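Enquirer: In the numbering used here, the protein residues as written are 1181 to 1582. I'd like to ask some things about the structure below.
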């Protein structure tokens, strides 16, 4: 088949690891012709271009900055994406007939592009990979109200996107339930589980954890709890800081924060002022360096703002499970990640409201150090059974086996 995938994620190389590049390589390896359309933001100083790498075509479309930028540029840039993508697709890919039109949220503003592709390819299946439920998540975080014009405009686009999609793939069972409950016009037959997933990489050599810890000035003789990824409003950075503050003088473990985002300066300011003994902070690393660093740690941390009414499912879970690490998830009560972890023996959960609850999870881990390895093995097995790229691929491709 000819497959086109629309995303706002930065994809310059199909060789990089990630939930989308892994999935696209899977489609390629199964014999399909893959075309990716992704932005190349103005900050990189590059023009729109189409290239073929390892059998995958990547159309990078020049856009405004749409990630990790100020709200104004992100908003304008997101609205312009639709026109920019459509123009580039017409110019570079207009002669190709597609069988599968695949796209992810965010954003929800590619309706006209999807309509153009569907009108041109009426036989094609449209499939939404739902990674973000907007505008409800913005309402949850107090960015605007359900009575605002912003909400009404974006909600209308969200409904249109759902209606244009033949199938909607969700990250978790709670996601499926939420979409159906809050969008009664959607048939339950078109909403299904298509989880975040990865392609497992066979390690030629084991990670030299001692050397990695030495490189990043981390203690050799203590369990290390790592939080890696975006540091933005959805992660509830104020609560993360409160948890670090409550545990900053511990001598029985160490905390490592790695990432960047709109709230990075806030945690950096706390770190510089407090100089905590049991906490290390690093800005975002390359994927290769980050993966090595994760392997040298013991427990993965996940944080989500307690105000969320939508069930999020952060993809950073995959790295933790891949490297056989148990997790502690401090989230809202609607996310099912924590429940899944506890039910399957690879982690603990607490609501992201009280620091003492988070500390209790830390203590539970430290009180049973022998179980860290066992819990990590349980998590890895759960990954093998549920979150390999083949699972997401099969969820999508089954609709062509009639």
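A virtual CB, placed ideally from N, CA and C, is assigned to each residue, including glycine. The model shown is predicted, which means the values in this text are computed figures rather than measured ones.
1. Counting only the same chain and skipping the five closest in sequence on each side, list residues whose C-beta sits under 6 angstroms from that of residue 1441.
2. From residue 1186 to residue 1422, what does the alpha carbon distance come to, in whole angstroms?
3. Using a Cβ-Cβ cutoff of less than 7 angstroms, which residues in the same chain neighbour residue 1390 once the five nearest sequence positions on both sides are dropped?
4. By the three-class DSSP mapping on this structure, what secondary structure does residue 1571 have?
5. Among residues of its own chain, excluding the 5 on either side of residue 1532, which ones have a beta-carbon nearer than 8 angstroms to its beta-carbon?
6. Let's see if you can read the secondary structure: which residues bound the alpha helix (DSSP H) around residue 1284?
7. Inspect the beta-carbon positions of residue 1347 and residue 1407 and report whether they are closer than 8 angstroms.
8. Three or more beta-carbon pairs under 8 angstroms between the stretch 1371-1388 and the stretch 1322-1338, yes or no?
9. If I follow the unbroken beta strand (DSSP E) through residue 1499, where does it start and stop?
10. Residue 1394 to residue 1520, Cα distance in whole Å?
11. When the Cα atoms are used, what is the spatial distance from residue 1246 to residue 1218?
12. What first and last residue would you give for the beta strand (DSSP E) that runs through residue 1350?
13. So if DSSP puts residue 1529 in a beta bridge, which residue, or which two residues, is it bridged to?
14. Which two residues bound the contiguous alpha helix (DSSP H) that contains residue 1446?
15. At what residues does the alpha helix (DSSP H) containing residue 1203 begin and finish?
16. With a 10 Å radius around its C-beta and 16 neighbouring C-beta atoms as the bar for buried, classify residue 1576 as buried or exposed.
17. Between residue 1541 and the rest of its own chain, which residues show a CB-CB distance below 8 angstroms, the 5 nearest in sequence each way excluded?
18. The alpha helix (DSSP H) that contains residue 1541, what's its start and end?
Expert: In this structure, then:
1. Setting aside the 5 residues that flank it on each side, residue 1441 is surrounded in the same chain by 1410, 1411 and 1412, each with a C-beta closer than 6 angstroms to its C-beta; the list follows chain order.
2. Answer to the nearest angstrom: the Cα atoms are 38 angstroms apart.
3. Answer for residue 1390: 1400, listed in chain order.
4. In the structure shown, residue 1571 adopts helical secondary structure according to DSSP, grouped into three states.
5. Cβ neighbours of residue 1532 within its own chain (closer than 8 angstroms, five residues either side excluded): 1416, 1419, 1483, 1484, 1485, 1486, 1510, 1511, 1512 and 1538.
6. Not the alpha helix (DSSP H): residue 1284 falls in the beta strand (DSSP E), residues 1280-1285.
7. Against a cut-off of 8 angstroms, the Cβ pair of residue 1407 and residue 1347 comes out as no contact.
8. Contact fails: fewer than three Cβ-Cβ distances are below 8 angstroms.
9. In the DSSP assignment, residue 1499 falls outside any beta strand (DSSP E) and within the unbroken alpha helix (DSSP H) covering 1496-1502.
10. Whole-angstrom Cα-Cα distance: 34 angstroms.
11. Cα-Cα distance, rounded: 11 angstroms.
12. First-last of the beta strand (DSSP E) with residue 1350: 1347-1350.
13. DSSP output for residue 1529 lists 1509 as bridge partner(s).
14. From DSSP, the alpha helix (DSSP H) with residue 1446 extends over 1444-1454.
15. From DSSP, the alpha helix (DSSP H) with residue 1203 extends over 1199-1209.
16. Around the beta-carbon of residue 1576, 16 or more other beta-carbon atoms lie within 10 Å, marking it buried.
17. 1508, 1510, 1528, 1529 and 1530.
18. Per DSSP, residue 1541 belongs to the alpha helix (DSSP H) from 1535-1547.
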